Amino acid sequence: MNNLTVTSSPHITSPRTTTGIMLDVIIAMVPAMIASFLFFGARALLLIAVCVACCVLSEAAYCLLAKKPVPVGDLSAVVTGVMLAFNLPATLPVWQAVIGSIVTIVVVKQLFGGIGCNFVNPALAGRVIMAVSFTGTMVNYAYPAQAADALSSATPLSVITAGNGAKLPLWDLFAGNHGGVLGETSCLALLIGGLYLILRGVIKPIIPIAYIGSTFIFLALFGCEAPLASILSGGLFLGAFFMATDYTTTPYTNTGKLIFGLGCGLITAVIRTFANSTEGVSYAILLMNLIVPYINGWTRRKPYGTEAAK
Amino acid sequence: MAKKLKLITNGLFNENPVLRLVLGTCPTLAISVSATGGFGMGLAATFVLICSNMAISALRKVIPDKVRIPAYITLIAGFVTIIQMLIQAFSPELDQMLGIYLPLIVVNCIILGRAEMFASKNPVLDSALDGLGMGLGFTLTLTCMGIVRELIGAGTVFGLRVFPEEYAIRIMTMSPGGFFTFGCMIALLTAILQKRGKKLISSQNKCLGCPDCAHCEEANK
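Residue numbers (this note's numbering), protein chains in the order written: chain C, 61 to 370; chain E, 8 to 228.
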């Protein structure tokens, strides 16, 4: 009897595995990795390597200590590590990246039950904890040597907040030739990775399209003078394609995903326009992560022939 | 004698007011930013607890049942005013550090909770010892939390520098760090008590698993 695994129906098998999906996500992040190397140099690769190593090691160490099976083979810690590194500026001291990785994996992911049980995106929560703890170094952005004059000492979002958004060169914003955290600058590289994920069927395009589209519309409604420049700046593409599409922390149904994307867009636009902070993608996704259980409840599918659930 | 001693140690571990009864959470989270603040807050609350427990116990047959809560609060407020004036006079720095949380000891759930659960039913000496135990438990917990948060969040312990400030993880001195430390301390004490063989959650008597078994009418049936 011990050899049997009893589960409920439907008994559909699929060749798709967690490891395979995570491998696809890693492949999709390679263009952005190359872009970060081109713009910020070898230190970008160092930070990515440190974050990946610390995430994998701390997950293994925690699971050994807690006498749980070690899930390192599913590559999810590698994905979390790369995503966390994508959220860090290239000048960050290495020890801060180490602490951030450990907090991300142990506190945000493993203490809540590991893969599939975390209630917010671990990399984003780790980033916010680091942003609150290391206030100076987390905004000490690096700038590419060949950046345009307007972007050589300020991030695009701070230029837009200062009211000079209309002068920004859109192609530079799209290609990523400006300051910021490692993975967010190049919309082009992120778009290539995102399209790969969509073509491989790993993510559905609903959330990215709803998120980026609604951010644009809300920014325009709120009177932002350069909404196009604004959506090409900051972490919006990184967040929309890689963070807001995490299976565990997003709704199941297409309607739910649409609500999730629109909510993220609204919060991002509100923070960028009215709040004291220039960027709002992390908080938008984290806040929407928290109400995912409610969205799942509202958008539960009605079985055919029954009355709508009350 | 052993029974009297148990009244004191009870408040330190088995029924630690903060970590097992989960009372007085608000001052715990707010004041445990620094070890000194936590220690001072703990001592002030201990003083009030001992005095109010003794006064309420002595007056337990005089105070009419229907107005006991206002009567208790008045007594507690009297003692809080005394300790506040003493601290303002002799340690203005501590008064600055504790701020609004010093007068708020009046509404600290630990003090009213012990008045209602213990002092109103027990003789004066026992109530004083219970107040001492609970107060020491509160002080110990706040000081430990203060040490952890101050060390990681600011790099100091009792104001003495342990490592340079640039290596501090500042979120630990903010409210998320307070909740995090609080949760870890509860888990730690629960794990220690379980390891020592104390059965923490009873499945009988429709028990909700609250730690106040000693005074629970359901559990002692």
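All C-beta atoms, glycine included, are put in the ideal place defined by N, C-alpha and C. Just so we're clear, the structure is a prediction, and the values are computed from it rather than from any experiment.
Under three-state DSSP, which class holds residue i?
i       : result
A391(C) : Residue 391(C) is absent from the model: chain C starts at 61 and stops at 370.
L101(E) : helix
G261(C) : coil
L167(E) : strand
A9(E)   : helix
Q211(E) : Bear in mind that a pLDDT of 46 at Q211(E), under 50, signals an unreliable position, so the model cannot answer this.
A202(C) : strand
G340(C) : coil
N314(C) : helix
S290(C) : helix
T308(C) : coil
F179(C) : coil
C116(E) : helix
I345(C) : helix
P24(E)  : coil
Y108(E) : helix
Y256(C) : helix
K362(C) : coil
I83(E)  : helix
T197(C) : helix
A208(C) : coil
Under 8 Å by Cβ, that's how I've got residue i and residue j pegged, so tell me the actual separation to the nearest angstrom.
i       : j       : result
L318(C) : E244(C) : With a Cβ gap of about 24 Å, L318(C) and E244(C) do not count as contacting.
F189(E) : M152(E) : 7 Å
L242(C) : L106(C) : 11 Å between Cβ atoms; not a contact.
P204(C) : H238(C) : 7 Å
L14(E)  : L136(E) : 4 Å
A150(C) : A104(C) : 5 Å
M104(E) : G44(E)  : 5 Å
L350(C) : V180(C) : 7 Å
Y201(C) : T221(C) : Incorrect: roughly 14 Å between the Cβ atoms, too far for contact.
L296(C) : I272(C) : 6 Å
A42(E)  : T146(E) : At roughly 11 Å, the Cβ-Cβ gap does not stay under 8 Å, so A42(E) and T146(E) are not in contact.
R156(E) : G138(E) : That belief does not hold up - the Cβ atoms of R156(E) and G138(E) are roughly 26 Å apart, past 8 Å.
T305(C) : P363(C) : Going by Cβ atoms, the distance from T305(C) to P363(C) rounds to 27 Å, so no, they are not a contact pair.
Could you give the residue range of the alpha helix (DSSP H) that holds residue i?
i       : result
I178(E) : From DSSP, I178(E) is part of no alpha helix (DSSP H); its letter is neither H nor E.
Y271(C) : 266–281
F20(E)  : Run containing F20(E): none; DSSP gives neither H nor E here.
E244(C) : Neither: E244(C) is in no alpha helix (DSSP H) and is coded neither H nor E.
M93(C)  : 78–100
A37(E)  : 32–38
A42(E)  : 42–65
I131(E) : The amino acid at residue 131(E) is misidentified as Ile; the sequence shows Val. Unbroken alpha helix (DSSP H) run through V131(E): 131–161.
M143(C) : 136–146
A157(C) : 154–162
V192(C) : 182–193
L230(C) : 230–235
N356(C) : 352–358
S218(C) : 216–221
Measuring only the C-alpha atoms, how far is residue i from residue j?
i       : j       : result
M8(E)   : G186(C) : 52 Å
S218(C) : M82(C)  : 34 Å
N178(C) : Y312(C) : 15 Å
M48(E)  : N356(C) : 45 Å
E5(E)   : I159(C) : Residue 5(E) is absent from the structure shown; chain E starts at 8 and stops at 228.
T35(E)  : P24(E)  : 11 Å
T79(C)  : F97(C)  : 26 Å
A344(C) : I162(C) : 23 Å
A77(E)  : P130(E) : Correcting the residue type first, residue 77(E) is Pro in the shown sequence and not Ala. Cα-Cα distance, rounded: 21 Å.
R332(C) : M303(C) : 18 Å
Q206(C) : L250(C) : 20 Å
L117(C) : V85(C)  : 20 Å
F172(C) : T197(E) : 18 Å
T53(E)  : N60(E)  : 10 Å
S193(C) : G176(C) : 27 Å
A126(C) : I57(E)  : 42 Å
L158(E) : G106(E) : 22 Å
V199(C) : S212(C) : 15 Å
V55(E)  : D133(E) : 16 Å
Using the beta-carbon of each residue, which ones in chain E are nearer than 7 Å to residue i?
i       : result
S193(C) : I176, R177, I178
I189(C) : I178
Taking C-beta pairs closer than 8 Å, name the residues in chain C that residue i reaches, listed in chain order.
i       : result
M181(E) : V192
List the residues of chain E whose Cβ lies closer than 8 Å to the Cβ of residue i, in chain order.
i       : result
I159(C) : I176
So, is the C-beta of residue i closer than 8 Å to a C-beta in chain D?
i       : result
I165(C) : The structure shown contains no chain D; its protein chains are C and E.
The ligand MN and residue i: does the residue's C-beta get closer than 7 Å to at least one heavy atom of that ligand?
i       : result
S127(E) : This structure does not include the ligand MN; it has no bound ligands of any sort.
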